[in-house]
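J.: This is the structure I have questions about; it appears just below.
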Amino acid sequence: MDDRKWLQTANDGFQIARVKAANDYTKRFGLALTDEEAALLVRERKDALKEQERVEFGEGILPKLIFAFCDSPYIYQDNYVDTLGRLQDMFYLYKNESLDEITDDELIEFMKNQFDGPCQGSLDHLEDTGLESFARRVRFGDDVYEEDEEDEEDDEF
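Laid out in structure tokens, this is it:
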């Protein structure tokens, strides 16, 4: 095995171990990942990074997403893996869309607040409305935590 493949395999193993370690915490919310699910999410991470033309060093964003979202009332074991995969994809997309002007933690906090709040657990609504508006405000230098009037009108039923 050449050095590059060995390093990639070692990194994948590290990523999977970090994701699996989160199970100790998430079990109290009825959520846990199997070895296969953790490996799938790590593969999806590589695909998302490649698609968004990003490079990531260290443990990756997935453990942060797991810890931030595991207490959501809208996530349960049956949708856990799919939800994490979508959140991970959205994170990388909107990190690019916001021109890296915000920290990872700020983006995750916004995603969580929107997901549990106005989006009521809808990943489509989070992506198409909440995050799109957020990224636009970041790009224009507006206050990212102040919803504009158009967004407030859209949220009223």
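The sequence shown stops at residue 157 when you use UniProt numbering, and every number in between is there.
Note that beta-carbon positions come from the ideal geometry of N, C-alpha and C, so glycine has one too.
#1: Can you tell which of Gln52, Glu53, Tyr25, Gly60 has the C-alpha that lies nearest to the C-alpha of Val42?
#2: If I measure Cβ to Cβ from Lys112 and keep anything under 7 Å in the same chain, skipping five residues before and after, which residues do I get?
#3: Measure the C-alpha to C-alpha separation of Gly117 and Ser72 and round it to an integer number of angstroms.
#4: Which complete alpha helix (DSSP H) runs does the region 78 to 139 hold, if anything under 4 residues is left out?
#5: Under 9 Å between the Cβ atoms of Glu97 and Ala39?
#6: Please list the terminal residues of the continuous alpha helix (DSSP H) segment that includes Thr26.
#7: Could you tell me the alpha carbon to alpha carbon distance between Glu36 and Arg137, rounded to whole angstroms?
#8: Measuring CA to CA, which of Glu106, Leu126, Thr26 is closest to Phe115?
#9: In whole angstroms, give me the CA-to-CA distance for Asp104 and Phe14.
#10: Going by DSSP in three states, Arg18 sits in which element: helix, strand or coil?
#11: Do you know whose CA, among Glu53, Tyr74, Val55, lies nearest Leu31's CA?
#12: Around the Cβ of Val55, are there at least 16 other Cβ atoms within 10 angstroms (buried) or fewer (exposed)?
#13: Note down the Cα distance separating Asp151 from Leu93, rounded to an integer number of angstroms.
T.: A quick look at the data gives this:
#1: Considering only alpha carbons, the answer is Gly60.
#2: The beta carbon of Lys112 sits closer than 7 Å to the beta carbons of Ala68, Phe69 from its chain, once the five residues preceding and following it are set aside; these are given in chain order.
#3: 10 Å
#4: 80 to 97, 104 to 116
#5: no
#6: 23 to 26
#7: 38 Å
#8: The residue with the shortest Cα to Cα distance from Phe115 is Leu126.
#9: 20 Å
#10: helix
#11: Tyr74
#12: exposed
#13: At Asp151, the pLDDT of 49 sits below 50, so the modelled position is not reliable; the number obtained from the coordinates is stated separately. Computed Cα separation, rounded: 21 Å.
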